[in-house]
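Q: Under my numbering, residues 7 to 304 are what the sequence shown spells out, in order. The beta carbon of each residue, even a glycine, is placed where N, CA and C say it ideally should be. Submitted below is the structure of interest, expressed as C-alpha cells.
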Amino acid sequence: MGRKVTKAVFPVAGMGTRFLPATKSVPKEIMTLVDRPLIQYAIDEARAAGIKEFIFVTSRGKSALEDYFDHAPELESELRKKGKDELLEILKSTNMDSGAIAYIRQHKALGLGHAVWCARRLISPNEAFAVILPDDVIAAETPCLQQMVEAYEETGGSMVAAMEVPPEKASAYGVLDVAEDMGSMVSVKGMVEKPPVDEAPSNLAVIGRYILSNNVLRNLNKIKSGSGGEIQLTDAIAAEISEGRSVYGYRFRGQRFDCGSKAGFLQATVAFGMAREDLKDEFTSYLHDLLAVQRAAQ
Ligand code: UTP
C-alpha cells in the first residue's frame, strides 16, 4: 500500500474573533511572528514533510492570503535593480509552482470538520492527506508534520498530533482515549471534543496536525453537527475507530504555540525573536532589562 502523503489542507476560513479588531481586515494567518506570517511557517513545515499540493479552505475577506503566494513583479524587479539578492531569495519562499496551490471557499463558518469536507473533491479516492492548522505553530528540530509522515509510513490508518496538557486544560481540546501506549505513539480507542473537566479520558490533547485516511471525508459526509453546533473533525476521526479502522496519536517532539490566542501569540513572538540569530542579542538583553526594571519596582 502506498503511504505517501503529498497533499495538505489548510483550513483558514475561521473568523479569528479573538484577534478583533485586527482580523476585521487582516486574516489571522497573515499576522506575523517576527517577520513571517503564520501561514509561511505552516507552508515551510508542509514542504519539509514532502507535501507537493496545498489546498486552502478560505472565506470572504481572505484575499490577502491569495496575494501572499503570488509573484510580485514590480517589487521583484525593483529589488533586482537595487541588487538586493538576499531579499529576492526570501521572497522566493512565498512563491508556489503553478498548479500547486488551490483555493476552495467555505461559504459559512460551520466548523473545522466542515472546512476539511469542503476540500473533498480535490482529494482522490483512497488518498490520505494532511491537515495543518496554521495557528498552531510548532518549533521543532524535525518539523512536526515530517515526524508524523515518517511514523505514518509505518502505521497507515489516521494520525493526530498529540500533546500532554494539565487536566484542567483538557476541556479546551479534543482528547484521546488511549488503547495502548507505545511511547512516541498511542493507539486510540476513542476521542472526545472538549470534554467537561473531570471527564477527559486522558491528558493527551489533539493539536492542529493530522494525517487522515480518505474515509474521514466520507464520515464527514454523514455527520450533521456535533459539539457546539459545529461540524467537528474530531467526531469524523472518532467514527473511524468505531468502524474498526486504526487511529494513532503521535507525541511529537517540539514546542507548540497556540497562536490563535493572544497569550500564545505573544509567547511565540518572544520565543521566535529570541531564537533568531540576527535579533537574539539585542532582544534578549532588552527582555532582561525590562524584567529587572519590573522586579525593582515590585
Ligand atoms: P478556531 O477555533 O481557532 O476559530 O479555528 P477561528 O475562527 O479561527 O478563531 P476565533 O476562535 O474566532 O478567534 C481553528 C482552525 O479552523 C479553521 C480556522 O481558520 C482555524 O485555522 N476553521 C474554523 C475553518 O476553516 N472554518 C470554520 O468554520 C471554523
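Is Asn225 buried or exposed, if buried means 16 or more other CB atoms sit within 10 Å of its CB?
A: Asn225 comes out buried.
Q: Could you tell me which whole beta strand (DSSP E) segments of length 3 or greater appear in the segment 179 to 244?
A: Those beta strand (DSSP E) runs which fall completely within the segment 179 to 244 and span 3+ residues are 180 to 187, 191 to 199, 210 to 218.
Q: Using a threshold of 9 Å, state whether the C-beta atoms of Leu71 and Ile45 are closer than that.
A: Going by C-beta atoms, Leu71 is nearer than 9 Å to Ile45.
Q: Taking the alpha-carbon of Leu223 as reference, which of Lys87, Pro207, Gly119 has the nearest alpha-carbon?
A: The option with the nearest alpha carbon to Leu223 is Gly119.
Q: Given a cut-off of 9 Å, decide if Cys150 and Arg262 are closer than it, judged by their beta-carbon atoms.
A: For Arg262 and Cys150, yes; Cβs fall inside 9 Å.
Q: Under DSSP, the alpha helix (DSSP H) around Val155 begins and ends at which residues?
A: That run of the alpha helix (DSSP H) goes 150 to 161.
Q: Compute the Euclidean distance between the alpha carbons of Tyr292 and Met280, then round it to the nearest angstrom.
A: Roughly 11 Å between the two C-alpha positions.
Q: What do you get for Met7, buried or exposed, if any count of 16 or more other CB atoms within 10 angstroms of its CB means buried?
A: Low per-residue confidence applies at Met7: pLDDT is 49, beneath 50, and the placement is therefore not dependable enough to give any value.
Q: Give the straight-line distance between the Cα atoms of His113 and Lys30, rounded to the nearest whole angstrom.
A: Their backbone Cα atoms lie some 17 Å apart in a straight line.
Q: Under three-state DSSP, which class holds Ala19?
A: Coil.
Q: With a threshold of 16 other CB atoms inside 10 Å of the CB of Ala242, please say whether the residue is buried or exposed.
A: Label assigned to Ala242: buried.
Q: Rounded to the nearest angstrom, what separates Asn227 and Pro131 at their Cα positions?
A: Near 14 Å, if we compare the C-alpha coordinates of Pro131 and Asn227.
Q: When the distance is taken between beta carbons, is Ala157 closer than 9 Å to Tyr256?
A: Yes, they are a contact pair.
Q: Measuring straight from C-alpha to C-alpha, what distance separates Ala168 and Tyr47?
A: Between Ala168 and Tyr47, the C-alpha separation is close to 19 Å.
Q: Can you list every residue whose CB sits closer than 5 Å to some heavy atom of the ligand SAH, going in chain order?
A: Judged by which ligands are present, the ligand SAH is missing from the structure shown, whose ligands are the ligand UTP.
Q: When DSSP labels each residue in this structure, what does Pro43 get in the three-state scheme?
A: Reduced to three states, the DSSP call for Pro43 is strand.
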